[in-house]
Amino acid sequence: MEYKGKKRFVRMFVTFKPLCDGFLAGCRPYLAIDSTHLTGKYRGQLAIACAVDGHNWLYPVAYAIIDSETTESWDWFMEKLHQAIGCPPGLAICSDAGKGIDSAIEEVYKYAEHRECMRHLVVNFKKKFHGKVFDDHMWPAAYSWTPEAFEAHMAAIHEKKPKAIEYLTRYHSRLWSRSKFSTSSKVDYVTNNLAECFNNWINKHKGMMLFQLVDKIRRKILVKMEKRRRIAKKLEGHRILPSVMKELNAKSRGLDIEYERIDHMKAEVSEGGEDGKRHVVDLDMRTCTCREFQVSGKPCKHAISCITGIRGVTIEDFVDDYYSVAKFAAAYTPVMPGLTDASQWPKKTHEFFLHP
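In terms of numbering that gives the first Met the number 0, the sequence shown opens at residue 0 and continues consecutively.
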């Protein structure tokens, strides 16, 4: 842009077609959006958009250099992101509650599910409210799968501090509890941990010159993509990722659950004897009234107890395809392009120069 009669560098958006194609083909429709401060001579922010693969591994989609976390900068970033990947069906986006990013997501991705990072929410919440009732109920409310469990925690808070509920309703209206999440993205995260992982991944490079930083991130992504492509090759022959099956098989052991079969694929399931909670499982529909099955895309303990009692089926048969080896391979099949060093790039005149 032009400032005081001179050309000035303001911002830069970076993504690659293999990343966009891999995200759309193999990752769940979920994005973590955040930014981190740069520490070099040219201060500013590194904005990031990260996805997650079937292994729950970080999948970088796009990044950008922006001057600050203004509404204008976030609008620009989200517009560029939308141009690159569109709005996949069932998309969920997680961010903090900053005004700039909040309004940008609302404007550009108005049809996406907008989640708020619970960790950021709690930091802001504790500036105004303290006490055991919040320690006992805020995080459990976020991790609640059902609306009934969520409302029970909110009622306990309301009884002690009604103003806390008023505050949450007014200033934190985005989704921050699993009980409110849709069943489309198959991601049950209540924090923006993916973005934090990306920040840690590039943390020691944030003091680089901008063009060096942008290229360093590209090269780190290139290495990550190639390594995971080799992992996908080794997993051929499996339908569901072995790490996912290991988790579910471990969950199937030692279950204190009783069930009454309604028909071949439906049952009432009770936890811990007569006084335990009772849920209804429908394996044909891949649902349980606890909602964990449909929100996460993996059988909950109630569903697992039913599956293990049916001859001819396995737990693997009821895991969502987002956790399949085929989807994992699809995310990493596109190959990142190689790039020569800067001395071999075409010479261009931009009418400005970044002094070292």
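The C-beta atom is built at its ideal place from N, Cα and C for all residues, glycine as well.
Worksheet item: Along the chain, which unbroken stretches of the beta strand (DSSP E) at least 3 residues long are found entirely within the stretch 237–306?
Response: 256–262, 265–270, 277–281
Worksheet item: Can you name, in chain order, every residue of its own chain whose Cβ lies under 6 Å from the Cβ of residue 118, other than the five neighbours on each side?
Response: In the sequence shown, the residue the question calls residue 118 occupies position 119. Excluding residues within five positions, the ones whose Cβ falls inside 6 Å are 190.
Item to complete: Tell me, please, which residues DSSP counts as bridged to residue 35.
Response: Taking the first residue of the sequence shown as 1, we reach residue 35 at position 36. Partner(s): 45.
Item to complete: For residue 34, decide whether its Cβ has a neighbour in chain B, counting only Cβ atoms nearer than 8 Å.
Response: Here there is only one protein chain, and chain B is not present.
Worksheet item: Roughly how many whole angstroms lie between the Cα atoms of residue 334 and residue 29?
Response: Taking the sequence shown and counting its residues from 1, one reaches residue 334 at position 335. Taking the sequence shown and counting its residues from 1, one reaches residue 29 at position 30. Approximately 22 Å, taken between the alpha carbons.
Worksheet item: Comparing alpha-carbon positions, which option in 194, 332, 198, 61 lies nearest residue 93?
Response: Residue mapping note: residue 93 aligns to position 94 of the sequence shown, counting from 1. Ranking the options by Cα distance to residue 93, first place goes to 194.
Discussion item. Please report the distance separating the alpha-carbon of residue 22 from that of residue 158.
Written reply: Within the sequence shown, numbered from 1, the residue matching residue 22 stands at position 23. Within the sequence shown, numbered from 1, the residue matching residue 158 stands at position 159. Answer to the nearest angstrom: the Cα atoms are 44 Å apart.
Worksheet item: Thinking just about the alpha-carbon of each residue, which of 265, 295, 296, 271 is nearest to the one in residue 281?
Response: Taking the first residue of the sequence shown as position 1, residue 281 is located at position 282. When only C-alpha atoms are compared, the closest one is 265.
Worksheet item: Who are the Cβ neighbours of residue 354 in its own chain at under 7 Å, not counting the five residues just before and after it?
Response: Looking up residue 354 in the sequence shown gives position 355. Residue placement at residue 354 cannot be trusted, given a pLDDT of 48 that sits under 50; what the coordinates show is reported in the next sentence. Cβ neighbours of residue 354 beyond the five flanking positions: none.
Discussion item. Applying the 10 Å Cβ sphere with the 16-neighbour rule, what's the burial state of residue 136?
Written reply: Numbered from 1 along the sequence shown, position 137 holds the residue referred to as residue 136. When all chains shown are included, residue 136 counts as buried.
Item to complete: Have a look at residue 76 and residue 95 and give me their C-alpha separation to the nearest angstrom.
Response: Locating residue 76 in the sequence shown gives position 77, counting from the first residue. Locating residue 95 in the sequence shown gives position 96, counting from the first residue. Computed Cα separation, rounded: 15 Å.
Discussion item. Considering only their Cβ atoms, is the gap separating residue 228 from residue 331 smaller than 8 Å?
Written reply: Residue mapping note: residue 331 aligns to position 332 of the sequence shown, counting from 1. Residue mapping note: residue 228 aligns to position 229 of the sequence shown, counting from 1. Going by C-beta atoms, residue 331 is nearer than 8 Å to residue 228.
Fill in: CB of residue 127 within 8 Å of CB of residue 166, strictly
The residue labelled residue 127 in the question sits at position 128 within the sequence shown. The residue labelled residue 166 in the question sits at position 167 within the sequence shown. In contact: residue 127 and residue 166 (Cβ atoms closer than 8 Å).
Worksheet item: Touching or not, the stretch 246–260 and the stretch 303–321, by the rule of three or more beta carbon pairs under 8 Å?
Response: yes
Worksheet entry | 8 Å Cβ cutoff met for residue 54 and residue 183 | In the sequence shown, the residue the question calls residue 54 occupies position 55. In the sequence shown, the residue the question calls residue 183 occupies position 184. In this structure, residue 183 does not lie closer than 8 Å to residue 54 by Cβ.
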